[in-house]
Amino acid sequence: ILVVVDALDECDEDDERDVMQRLLRAFTPYLTPDTPFKDLDQFYTVILRNLVSENCDNDDTISRYQSVVGAIVFVQRPLPVSTLAQLINIDVVEIREVLDNLQSVILLGSEDVPRIYHKSFPDYLTDEARCKDPRLRIDTRICHIQIATRCFEIMDKGLKRNILGLGDPARFMSNEDGLKEDGVTDEQIQEKIPQQLQYACVDCVNHLGVATNEDEALMSGLEKFVDEHMLYWFEVLSLI
């Protein structure tokens, strides 16, 4: 396995993807009925040990790994690193440090969007029976709570009345006519409603559906959103 990991590090993106797929297929004939994913699980464990060693007791290292990888696994659509950084409130440099150690399982493409190579990786990460080390395992509920909470924080900071700053009479027209009246371009919309705010407005509900109402910070964010930002949320949804 170590030889394969080293070999993958020497490949370019296209070759690495091909090698990874062939490696996963090669494991299949050797899966046994009693422990069908044993070899594959060992493979993933070896890779993750590059980030979280067997004797790691650094809570910041573990938390950063779980937040970054968990977000990549559970976001509702692929997001560039810069947007992920805003979504999970972790510096871009720190995210890249995590990804640099996971090139064998997470592809960082030309658009700077990290993508999971194979579905078996998140399956392993979220299965307590397979990923036995809690430091490596991604807790589905906790991860969705963290993302949903952060979405409410982003909306609390970013949503406001007449977010595009349309003047009269443009703001009383239809979206298409109003934007044309004030000469608002797509680039200006992206500037006023950045990708992390768009994601929070559209996809927060999907994370909220998996979370629970037991988390105080999440419930506080939800209550503030309902009390203060619902109308501005509808406005953004009509614009994106």
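Heads up, the sequence shown is in the numbering used here, so the first residue is 795 and it goes up one at a time. All C-beta atoms in this analysis are idealised placements derived from N, C-alpha and C, irrespective of residue type, glycine included. Predicted, not measured: the structure shown is a model, and the values here were computed from it.
Taken in chain order, the complete alpha helix (DSSP H) segments of 4 or more residues contained in the segment 851-888 are 853-868 and 875-882. By the Cβ criterion, the segment 996-1016 is in contact with the segment 942-951, since at least three pairs of Cβ atoms, one from each stretch, lie closer than 8 Å. Annotated three-state conformation of I900 is strand, per DSSP. For I841, the enclosing alpha helix (DSSP H) begins and ends at K832 to L842. Between L878 and L958, the C-beta gap is not smaller than 8 Å, which leaves the two residues out of contact. The Cβ-Cβ distance between I884 and V862 falls below 8 Å. Boundaries for R909: no alpha helix (DSSP H) harbours it, while the beta strand (DSSP E) harbouring it runs P908 to I910, taken from the DSSP string.
Taking the Cα positions, C850 is about 9 Å away from R843. Listed in chain order, the non-local C-beta contacts of H938 below 7 Å within the same chain comprise F868, H1001, V1004 and A1005, local neighbours out to five positions each way being set aside. For F1019, same chain residues with a beta-carbon under 8 Å away, outside a window of 5 residues either side, are F946, M949, D950 and W1027 in chain order. Our two residues, L1031 and Q860, have alpha carbons roughly 30 Å apart in a direct line. In this structure, the alpha-carbon of D833 lies about 45 Å from that of I987. For T943 against G1015, the beta-carbon gap comes to about 6 Å, under 8 Å, which counts as contact. For V907, same chain residues with a beta-carbon under 8 Å away, outside a window of 5 residues either side, are P872, L873, P874 and V875 in chain order.
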